[in-house]
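What follows is one structure encoded as structure tokens, with my remarks underneath.
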Amino acid sequence: MGEIINVALPKGRLGEAAYGIMEKAGYRCPGVLAPARKLFFESPESGVRYFWVKPSDVPVYVERGAADAGIAGLDILREHQPEVYELVDLGIGRCRMCVAGPSDFADDESRPLKVATKFPRIAREYYAGRSRDIRLIKLNGSIELAPLLGLSDVIVDLVETGRTLRENNLEVLEEILPISARFISNKASYKFHYEALRRMTDRLARLCAGGNGEEQDR
8 MGEIINVALP
18 KGRLGEAAYG
28 IMEKAGYRCP
38 GVLAPARKLF
48 FESPESGVRY
58 FWVKPSDVPV
68 YVERGAADAG
78 IAGLDILREH
88 QPEVYELVDL
98 GIGRCRMCVA
108 GPSDFADDES
118 RPLKVATKFP
128 RIAREYYAGR
138 SRDIRLIKLN
148 GSIELAPLLG
158 LSDVIVDLVE
168 TGRTLRENNL
178 EVLEEILPIS
188 ARFISNKASY
198 KFHYEALRRM
208 TDRLARLCAG
218 GNGEEQDR
């Protein structure tokens, strides 16, 4: 058997789009998108072994060397700041990290701003850069409820179309960061599998530069 590169794919629609790009780049693996519970797929012909993991776990598998490479959203990478190489912007999973709140929101700078978010590091660093004192409220779901029920003044969250915000009488107040999925590599793997990972990176970069990365809902 030749050299095999372990690639962690995020479960869900983003992962399906990511595999589509990998396949176009020449790394096909039969059965990856089959509707089954199997999580592990190998193609010696393509030199890859794929496995599905929770999106937020992709950088963990890559950083710790269980995967040589993987595909993760920039939101996860900026929030957790894993020690990995970011090699290619795949141009999928496009959305924005934003501050959102009621349309009539007016910031009272005489008190700390109450910010509800799933991304405390990103929120903290954003407001630190603005020298704004905040009180962070970490939530894991239904984050749009926080300002509606008075738990927070604003939220920091991913926004794609803005439909969920509009349905809850909220709107984007500030944009923090554009988000898309990145091809990442374990640092040691990049050294020991340099030729294979460099070839993979170059193929993906050429493919995405040619506009073959499709937009994907998040």
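Numbering (the working numbering), first residue to last: 8 to 225. Yeah, the Cβ is synthetic: ideal placement off N, Cα and C, and Gly gets one too.
Grouping DSSP H, G and I as helix and E and B as strand, with all else coil, what is residue i?
i, result
"Ala25", "helix"
"Pro66", "helix"
"Asp75", "coil"
"Arg205", "helix"
"Tyr57", "strand"
"Ala212", "helix"
"Glu90", "coil"
"Glu30", "helix"
"Ile12", "strand"
"Arg85", "helix"
"Arg103", "strand"
Looking only at its chain, what residues have a beta carbon closer than 7 Å to the beta carbon of residue i, apart from the 5 residues adjacent to it on each side?
i, result
"Gly220", "With a pLDDT of 45 at Gly220, under the threshold of 50, the predicted position of this residue should be treated as unreliable, and no value is reported."
"Asp224", "Reliability fails at Asp224, whose pLDDT of 33 lies under 50, so the model's placement of it is uncertain and the value that follows must be treated cautiously. Arg20 and Glu167."
"Glu222", "The predicted position of Glu222 is uncertain, since its pLDDT is 38 and thus under 50; no value can be drawn from it."
"Asp82", "Met104, Phe126, Leu165 and Ile186"
"Leu40", "Glu23 and Tyr26"
"His87", "Pro66"
So, residue i versus residue j, is the Cβ gap smaller than 7 Å?
i, j, result
"Asp164", "Ile141", "no"
"Phe47", "Cys36", "no"
"Ala74", "Ala32", "no"
"Ala212", "Gly80", "no"
"Asn13", "Arg56", "yes"
"Val91", "Thr208", "no"
"Ile129", "Arg85", "yes"
"Gly54", "Gly9", "yes"
"Gly77", "Ile186", "no"
"Asn193", "Gly38", "no"
I'd like the list of long-range same chain contacts for residue i, defined as Cβ closer than 8 Å, with 5 residues on each side in sequence excluded.
i, result
"Cys105", "Val163, Asp164, Leu165, Val166, Val179, Leu180, Glu181, Glu182 and Ile183"
"Leu120", "Asp114, Tyr134, Arg139, Asp140, Ile141, Arg142, Asp160 and Val161"
"Arg206", "none"
"Cys215", "Ile28, Val95, Asp96, Leu97 and Gly98"
"Ile11", "Glu49, Pro51, Gly54, Val55 and Arg56"
Less than 6 Å between C-beta atoms, sequence neighbours within five positions excluded: which residues of the same chain meet that for residue i?
i, result
"Pro89", "Pro66 and Glu70"
"Tyr201", "none"
"Trp59", "Leu16, Lys18 and Leu46"
"Ser50", "Cys36"
"Tyr34", "Ser53 and Val55"
"Phe199", "none"
"Glu93", "Arg189 and Ile191"
"Leu204", "Ser192 and Tyr197"
If you compare alpha carbons, which of the options is closest to residue i?
i, options, result
"Gly148", "Thr171, Glu132 and Tyr133", "Thr171"
"Gly108", "Glu93, Ser117, Arg118 and Thr124", "Thr124"
"Phe112", "Ala76, Asn176 and Arg137", "Asn176"
"Pro62", "Gly72, Ala41, Val39 and Ala25", "Ala25"
"Val122", "Gly136, Gly157, Asp82 and Glu93", "Gly157"
"Ser110", "Arg131, Leu155, Tyr34 and Ala203", "Leu155"
"Ala195", "Tyr68, Gly169, Arg210 and His87", "Tyr68"
"Arg137", "Lys145, Leu152, Asp64 and Glu116", "Glu116"
Step through the CB atoms of chain B and report whether any lies within less than 7 Å of the CB of residue i.
i, result
"Ile150", "Of the chains in the structure shown, none is chain B; there is only one protein chain."
Which parts of the segment 112-161 are runs of the alpha helix (DSSP H), unbroken and 4 residues or longer, counting only runs that do not cross its ends? Qualifying alpha helix (DSSP H) stretches, in chain order: 127-136 and 152-155.
Jot down the residue ranges of each uninterrupted alpha helix (DSSP H) in the segment 165-205, minimum 4 residues, whole runs only, in chain order. Correct list: 170-174 and 194-199.
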